[in-house]
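Student:
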Amino acid sequence: MTAILEVRDLVTVFHTDAGAVRAVDGVSFTVQRGETLGIVGESGSGKSVTAQSIMRLLDPPARIEGGQVLFEGRDVLAMSQAELADWRGASAAMVFQDSLTGLNPVLRILSQVSEHVVAHGRMAPSAARRHGIDLLRRMGVASPERAAAAFPHQFSGGMRQRVMLAIGMANDPSLLIADEPTTALDVTIQAQILDLMAGLNEKFGTAIMLISHDLGVIGSLCRRIAVMYAGEVVETGPTAEVLHDPRHPYAWALANAVPRLDTPVAARLPSIEGMPPDPLAMPRGCRFAPRCSLRISRCEAEHPPLIEIAPGRAVRCWVTMDGRRLPPPSLPAAAAPPRMAAAEPPLLEATGLVKHFALPRKSVFAKPEVVHAVNGVSLHLARGESLGIVGESGCGKSTLARLITRLHAPNAGSIRFQGQDITTLGGEALRGLRPRLQMVFQDPFASLNPRMRVGQILAEPLRVHGHADPEARVAALLDMVGLNPAWAARFPHEFSGGQRQRISIARALALDPALIVADEPVSALDVNVQAQVLNLMLELRARLGLAFLFIAHDLAVVRAFCDRVAVMYLGRFVEEAPAADLFASPAHPYTVALLSAVPEPGQGRIVLGGEPPSSLRLPQGCAFRARCPVARPICAEPPPLVEIAPGRRVLCHAPGSLQRSGQG
Amino acid sequence: MAVFASLVIFLISNFVPGDPVLAQLGDILASDPAVVAQWRAKWGLDLPLWERYGIFLRGLLHGDLGQSIATRRPVLEDIVQFAPATVELATISFVMALVLGIPLGIAAAIWRDSWIDAVARVLSLVGVSAPTFWLAFIMLAIFYGWLGWAPGPGRLDPIAFPPEGPSGFFLFDTAWAGDWEGFADTLAHLILPAIVLAAATLGLITRTTRAAMLDCLQQDYVRVARAKGLRERVVVLRHALRNALVPVVTLGGLAYANLLTGAVMTETIFAWPGLGRYTFRSAAALDFPAIMGITLVVSATYLLVNLLVDLSYAVLDPRVRR
Amino acid sequence: MALPASRMRRRMRRYGLAWAGAAIVLAWLLVALLAPWISPYPPDAVDVTQRLLLPSAAHWLGTDILGRDVLSRLLHGARISLLAGFSVVLLGAGIGTTIGILAAWLRGWGEEALMRLTDLVLCFPPIILALALAAALGIGTTNTIIAMLVVWWPKYARLARSLALVQRSQEYVEAATVLGLPQKRILFRHVLPNVFGPIAVLCTLDLGIAILTFAGLSFLGLGVVPPAAEWGSMVSEGRELVEQWWVATFPGLAILTVVIGFNFLGDGLRDWLDPKAQR
């Protein structure tokens, strides 16, 4: 097989005010014709910059300062602007992560899909238009003729990403570079897109270079993988081999830090402490050495080269370069089973919660549209227990979190917390409740006031509620979450995402709450940092006996943390069960699909078609009916809440009728 | 809203510390109470407030804006007489500002930090920072007083006859009548005031275009367009500019207000017989019917302009359409 | 921490204009402050024998039609112009911001009412309304400032409201509510400081516009009471004197430089606060 893309010792430098940052520092890899290569690394590893360098889409102050990029033997770095314009979009194409900003908001879809077909002289405008509609159809865009005349903002994220793929494939490129194409999408939609891309590779022989921080995504699509760290490639090889038998300690940490569906429930995840090196002050030797538990003295003194240890496998490590394997991770200690306080009244009890919002009117005469966010949710939580709530975007889980913490008042239903009815509490009484019921938010950058020092942020609630010695408590809190108490004088922007989430957690703990509602606390973090924060939360939970309401879209994360899990769809719980039971034998078809959509290498997938229905108009009968692979006529009736086992409830006419295939 | 607006105008001009009577009659006549009373009655100033408002509204509906105390003619007639001069001047200025400003802004954004960018930024800075009345004076002093290149103040040479044309727009009328000498004369008199009036608007448009283009050129969709292999020219004009124009158009209302302000100053210095100078004189003479009339007419057109801007915003940006 | 020379130069270049602007503004502020002490002649010293003299050693900027020293009048004019500008902007911003934040916080019909009021004022082109009000109230610095104030506050109300609305839905504001902080504290400690930045930028750029407008109104005879020395009215006095150009030119030049200074400063402030510009 001939190589379609050869990258040799690529070096890209950013000339910032603070100094020269070598974002890509001597990266080499090859993509064969028709092959799928995955590039995995955390944010800051240089993977996106590599892709942009290959396509020469860098803006100043970034510059390519070394190396070669050969496409079918031609030197891309030496091309003139005209040759570059000919090559881009025709022989090689790129798909970007953010489909909302990547599509021009004022131009119609069809013109964006077909303009470069005409520009490259491959077709006349009318033929190109037909070709465009055909492309949209092939990419699975619903009603392609109508879609062609529409504008980007009228589409959902999944549809827009399909449009981006259509744009990429318009001129039948030999190479498609996809930079985090599914990162912003829901799990089930992500499964659809990955399926689509696999199909493109099989049917048209398009080579795909997939960039992602998600090992599961890469594992499910790519045959070969290259792992990047701190601007370098540290390991390459066939995906299955690298994932099951990683040779570089960083790859090892990545592969094992991912919460998987087969790890024990609520168990600690292997993770490595620390952060990637400061690009302005790279270590002299191996860049991973400061965090590596296997390091030897040579690692800190000399910089290791990328060495081939077997045909098709290479690794950049002094310890494993002789071909030895790395020890498997120590089995995570099984968590202590949750204390069954059966006779105690539940800490939190919510019944029939309903919340809807009226959207602003479009015109004076139109009726205001209503978003039905939460449509009858009942839950209970015992002291020290953690309940996970899983669902995709739009299912209402964030609204539910805000109902429980009384940021909003429910339109119907009741909430009892520690025996007190808090449904309509207001004013002073509500503020008196606050210390016992706290929240951690999703966005580490928006949940801390950028103008206050960390110490002030933590001390403020203490002062307001009359705490005796705020400073001492602040120091103790910082220590509890694994941060240096001396950093209380710093501002939030001086911390990384993971550290900011720790500060958020410290803030939630400040008032000694009994219950913490965590709204997607780790969704915005890299895999390794995610593992660190989850471990912290596990430890705190064990130590302080906290109860958690843990909201997430990622099933595996929930599995790592929660005793019980509830699956939410269109404002209702469709299934509720102890975690182990839910993952072992899911009963509701949506749960089954959700589980199988989690990208894991070698897993058979049930790919759900279509998209979640809009919450503006609730469907009659079962909300999942339109997408359910095993829907029956009776599903037009509202489904009953069936208790199929003690503690297990399913909202379905025929629970258990959808089975997963290809387990293992 | 419009009703409230008219009420506001009415109230302003009636709750006034100054006394228009004195201003108009002069000291000698004003000392005679009989004359004052007669004068007041003539202008309806002795009626109760709400009655006067009623008269005012009724007059409005009939297109009667009252009578100017200073010129003794219906205000509406005054406005109609003076409007063409201002409209002609303002239109030429606005077109100049657009035709120069937008390309300059685009060029400044594309070749950032080059000499074009520097020129654009200096020009727009001076345009925005210089007081219009001063700029008018400087231009007149340099090009008329010192260099003698430009003709003096006024729309035409003092000895020339104004054209008899249909529109009141001298450029149009002289061309219509085939009077090429008059056309040249009109043009020569137009240039200086047009440049002065255009200056502030030019500055605003250049700045905004440049900023909008810079912002758009950084957007992801521009990167995607380049990744498609489109030529740079296409990327800039079709993708970036189309988006950049949206904030520029919404400037329309502000630009209009600028032109008005500038018109008052410029016309005064260049002795241009337009609405601007009329406004100035009415304000100085405390001629309240005139002030009210002008405010009404100008505000109405201002509302119209803003409405047009809102509509065009919906046309340009599909996200707003819903 | 001492940065290497190249980095310093780069940073200076980016903010060089802003510093220049600050310097200009500071210089004029000093002039305004020290005017009575640094003027060579009293500003209203009429001397008909010395009228319309060319700039010379005795009168650096010449004399005007009543024989008054242009330079001295210029220096004193700085006081009035700067005072008027600052008053209008600071008061206007204060009133407008308060109304805007109040509207965003109250929501419901309180917000509707306040916003309708704002829209009402915005119906009118600013200069015309200011003109009408100034004419109605009579000439004089205070009256003109009041007239301008009425026209000035709405844009701050609009901006403050939209900023406050954004802040309201920020997660750290939600967090403050969950922590049980009282509403007032949230408003002052969390929302206001983050609204302050863009408002401050608008204020700085606005100072230039306020000074221009005040001078314009004075030029039209509606601002200060003669024989007060104010830049706009000085230009008005000299507007027929094309031959004796210095009478009208120098005051206008003064306005130009002050406004340029504020523009530089405002632009620099805006770039500094803009998160996208952080590199």
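As given, the protein sequences belong to chains A, B and C, one line each in that order. No gaps in the numbering here: position 59 of the first sequence is 59 in our numbering, and each next residue is one more. No gaps in the numbering here: position 209 of the second sequence is 1209 in our numbering, and each next residue is one more. No gaps in the numbering here: position 31 of the third sequence is 2031 in our numbering, and each next residue is one more. Cβ coordinates follow ideal geometry from the N, Cα and C atoms, glycine included.
Rounded C-beta distance between I516(A) and V454(A)? I'm assuming under 8 Å.
Tutor: Position 516 of the first sequence, counting from 1, holds the residue named residue 516(A). Position 454 of the first sequence, counting from 1, holds the residue named residue 454(A). No, I516(A) and V454(A) are not in contact; Cβ-Cβ is about 19 Å, not under 8 Å.
Student: Going residue by residue through the segment 369-447 of chain A, where are the continuous alpha helix (DSSP H) segments of at least 4 residues, counting only ones entirely within it?
Tutor: Listed in chain order, the complete alpha helix (DSSP H) runs (minimum 4 residues) inside the segment 369-447 of chain A are 397-404 and 427-433.
Student: Apart from the five residues just before and just after R2279(C), which ones in its own chain have a Cβ nearer than 8 Å to its Cβ?
Tutor: Within the third sequence, the letter at position 279 stands for residue 2279(C). The predicted model places R2279(C) with a pLDDT of 33, which falls under 50 and marks its position as unreliable; any figure quoted below should be read in that light. If we look at R2279(C) and ignore the five residues flanking it on each side, it has no Cβ neighbours.
Student: Under the rule that 16 or more other beta-carbon atoms within 10 Å means buried, what is G2268(C), buried or exposed?
Tutor: Your numbering for residue 2268(C) matches position 268 in the third sequence. Classification for G2268(C): buried.
Student: Do the CB positions of F2264(C) and L2205(C) come within less than 8 Å of each other?
Tutor: If you number the third sequence from 1, residue 2264(C) lands on position 264. If you number the third sequence from 1, residue 2205(C) lands on position 205. No.
Student: Name the DSSP beta bridge partners of L176(A), please?
Tutor: The count along the first sequence starts at 1 and reaches residue 176(A) at position 176. Partner(s): A93(A) and I208(A).
Student: Report all residues from its chain with a CB closer than 7 Å to the CB of D1317(B); omit the five preceding and five following residues, and keep chain order.
Tutor: As a first step, residue 1317(B) is located in the second sequence; it is residue number 317 there, counting from the start. Taken in chain order, the residues that qualify are V1246.
Student: Below 8 Å on the Cβ atoms is my contact criterion, and I expect G2232(C) with G2238(C) to pass it. Report the Cβ-Cβ distance as a whole number of Å.
Tutor: Counting from 1 along the third sequence, the entry for residue 2232(C) is found at position 232. Counting from 1 along the third sequence, the entry for residue 2238(C) is found at position 238. No, G2232(C) and G2238(C) are not in contact; Cβ-Cβ is about 11 Å, not under 8 Å.
Student: Using the C-alpha atoms, what's the distance from D2271(C) back to A2277(C)?
Tutor: As a first step, residue 2277(C) is located in the third sequence; it is residue number 277 there, counting from the start. As a first step, residue 2271(C) is located in the third sequence; it is residue number 271 there, counting from the start. Per-residue confidence for A2277(C) stands at a pLDDT of 43, beneath the threshold of 50, marking its modelled position as unreliable; the derived number appears in the next sentence. The alpha-carbon atoms of A2277(C) and D2271(C) are separated by roughly 7 Å.
Student: Starting from Y1278(B), trace the alpha helix (DSSP H) both ways and give me its first and last residue.
Tutor: As a position in the second sequence, residue 1278(B) is number 278, starting the count at 1. Where Y1278(B) is concerned, the enclosing alpha helix (DSSP H) stretches over L1275 to A1284.
Student: Less than 8 Å between CB atoms is the rule here; does T12(A) satisfy it with respect to chain B?
Tutor: Residue 12(A) sits at position 12 when you count from the first residue of the first sequence. Output row for T12(A): interface = no.
Student: Are the Cβ atoms of R1319(B) and P105(A) separated by less than 8 Å?
Tutor: On the second sequence, residue 1319(B) is found 319 positions in, with the first residue counted as 1. On the first sequence, residue 105(A) is found 105 positions in, with the first residue counted as 1. Their beta carbons are under 8 Å apart, which means R1319(B) touches P105(A) by this criterion.
Student: Provide the residue(s) that pair with L2222(C) in DSSP beta bridges, ordered along the chain.
Tutor: Taking the first residue of the third sequence as position 1, residue 2222(C) is located at position 222. L2222(C) pairs with nothing; no bridge assigned.
Student: To be precise: take each residue of the segment 454-486 of chain A, compare its Cβ to all Cβ atoms of chain C, and keep it if any distance is under 8 Å. Which residues remain?
Tutor: Listed by position along the chain: E460, P461, V464 and H465.
Student: Contact criterion: CB-CB distance below 8 Å. Does G1229(B) meet it with respect to chain A?
Tutor: By 1-based counting over the second sequence, the position of residue 1229(B) is 229. Closer than 8 Å to some Cβ of chain A, the Cβ of G1229(B) qualifies, so yes.
Student: Quick check on this structure: which residue in L2256(C), R2189(C), I2260(C) and I2211(C) has the alpha carbon closest to the alpha carbon of Q456(A)?
Tutor: Within the first sequence, the letter at position 456 stands for residue 456(A). For the residues L2256(C), R2189(C), I2260(C) and I2211(C), the minimum Cα distance to Q456(A) belongs to R2189(C).
Student: Give the C-beta separation of P279(A) and R122(A) to the nearest angstrom, bearing in mind that I take them to be a contact with Cβ-Cβ under 8 Å.
Tutor: Position 279 of the first sequence holds residue 279(A). Position 122 of the first sequence holds residue 122(A). No, P279(A) and R122(A) are not in contact; Cβ-Cβ is about 41 Å, not under 8 Å.
Student: Helix, strand or coil for A510(A)? Go by DSSP, reduced to three states.
Tutor: Locating residue 510(A) in the first sequence gives position 510, counting from the first residue. Coil at A510(A), not helix or strand.
Student: Under 8 Å between C-beta atoms, does L2114(C) make it to chain A?
Tutor: Here residue 2114(C) refers to the residue found at position 114 of the third sequence. Judged by the 8 Å Cβ criterion, L2114(C) is not in contact with chain A.
Student: Please list the terminal residues of the continuous alpha helix (DSSP H) segment that includes K2155(C).
Tutor: In the third sequence, the residue the question calls residue 2155(C) occupies position 155. Taken as a continuous stretch (DSSP letters only), the alpha helix (DSSP H) holding K2155(C) covers T2141 to R2168.
Student: Give me the Cβ distance between D563(A) and A579(A), rounded to the nearest whole Å; I'm assuming they're in contact under 8 Å.
Tutor: If you number the first sequence from 1, residue 563(A) lands on position 563. If you number the first sequence from 1, residue 579(A) lands on position 579. Confirmed, about 6 Å.
Student: Can you list the residues of chain C that L405(A) reaches, using a CB-CB cut of under 8 Å?
Tutor: Here residue 405(A) is taken as the residue at index 405 of the first sequence, counted from 1. Reading off the sequence, residue 405(A) comes out as Thr, not Leu. Near T405(A) (Cβ distances below 8 Å), the residues of chain C are V2178.
Student: Return helix, strand or coil for M202(A), following the three-state DSSP convention.
Tutor: Here the question's residue 202(A) lines up with position 202 in the first sequence. As written in the sequence, residue 202(A) is Glu, which differs from the Met given in the question. The answer is helix: DSSP assigns E202(A) an H, G or I state.
Student: Within the continuous beta strand (DSSP E) that includes S736(A), where are the two ends?
Tutor: A query on residue 736(A) cannot be resolved here, the shown segment of chain A reaching from 1 to 664 and no further.
Student: Spatial neighbours of L294(A) within its chain, please: CB distance less than 8 Å, with the 5 preceding and 5 following residues excluded, ordered by chain position.
Tutor: The residue given as residue 294(A) occupies position 294 in the first sequence. Excluding sequence neighbours, L294(A) sits near P249, V319 and L326.
Student: Please list, in chain order, the chain B residues whose beta carbon lies closer than 7 Å to that of T2249(C).
Tutor: Here residue 2249(C) is taken as the residue at index 249 of the third sequence, counted from 1. Within 7 Å Cβ-Cβ: I1138.
Student: Using the Cα positions of F495(A) and S212(A), report the straight-line distance between them to the nearest angstrom.
Tutor: Here residue 495(A) is taken as the residue at index 495 of the first sequence, counted from 1. Here residue 212(A) is taken as the residue at index 212 of the first sequence, counted from 1. Distance between the alpha carbons of F495(A) and S212(A) is about 24 Å.
Student: Among W1272(B), F1183(B) and H1239(B), which residue has its Cα nearest to the Cα of A1194(B)?
Tutor: Taking the first residue of the second sequence as 1, we reach residue 1194(B) at position 194. When each option's Cα is compared against that of A1194(B), the closest is W1272(B).
Student: Using a C-beta cutoff of 8 Å, does P1318(B) count as contacting chain A?
Tutor: Position 318 of the second sequence, counting from 1, holds the residue named residue 1318(B). Yes, its Cβ sits closer than 8 Å to a Cβ of chain A.
Student: Does any residue of chain B have a CB that is nearer than 8 Å to the CB of E2243(C)?
Tutor: In the third sequence, counting from the first residue as 1, residue 2243(C) sits at position 243. For E2243(C), the answer is yes, since a Cβ of chain B falls inside 8 Å of its Cβ.
Student: DSSP has E349(A) in a bridge; who is on the other side?
Tutor: Stepping through the first sequence from its first residue, residue 349(A) is reached at position 349. Answer is H380(A) and R416(A), bridged to E349(A).
Student: Using a Cβ cut-off of 8 Å, pull out every chain C residue sitting near Q438(A), in sequence order please.
Tutor: Here residue 438(A) refers to the residue found at position 438 of the first sequence. In chain order: V2178 and L2179.
Student: Taking E180(A) as the reference, which of P613(A), A468(A) and V40(A) has the closest Cα?
Tutor: Stepping through the first sequence from its first residue, residue 180(A) is reached at position 180. Of the candidates P613(A), A468(A) and V40(A), the one whose C-alpha sits nearest the C-alpha of E180(A) is V40(A).
Student: Out of curiosity, what's the CA-to-CA distance linking S45(A) and V574(A)?
Tutor: As a first step, residue 45(A) is located in the first sequence; it is residue number 45 there, counting from the start. As a first step, residue 574(A) is located in the first sequence; it is residue number 574 there, counting from the start. Roughly 40 Å separates the two Cα atoms.
Student: One question on the structure: do A257(A) and N528(A) come within less than 8 Å of each other, judged by their Cβ atoms?
Tutor: In the first sequence, counting from the first residue as 1, residue 257(A) sits at position 257. In the first sequence, counting from the first residue as 1, residue 528(A) sits at position 528. Yes; because the gap between Cβ atoms is below 8 Å, this pair is in contact.
Student: Just the Cα atoms here: how many angstroms apart are L462(A) and Q442(A)?
Tutor: Reading the first sequence from its first residue, position 462 is the one you call residue 462(A). Reading the first sequence from its first residue, position 442 is the one you call residue 442(A). Taking the straight line from one Cα to the other gives about 23 Å.
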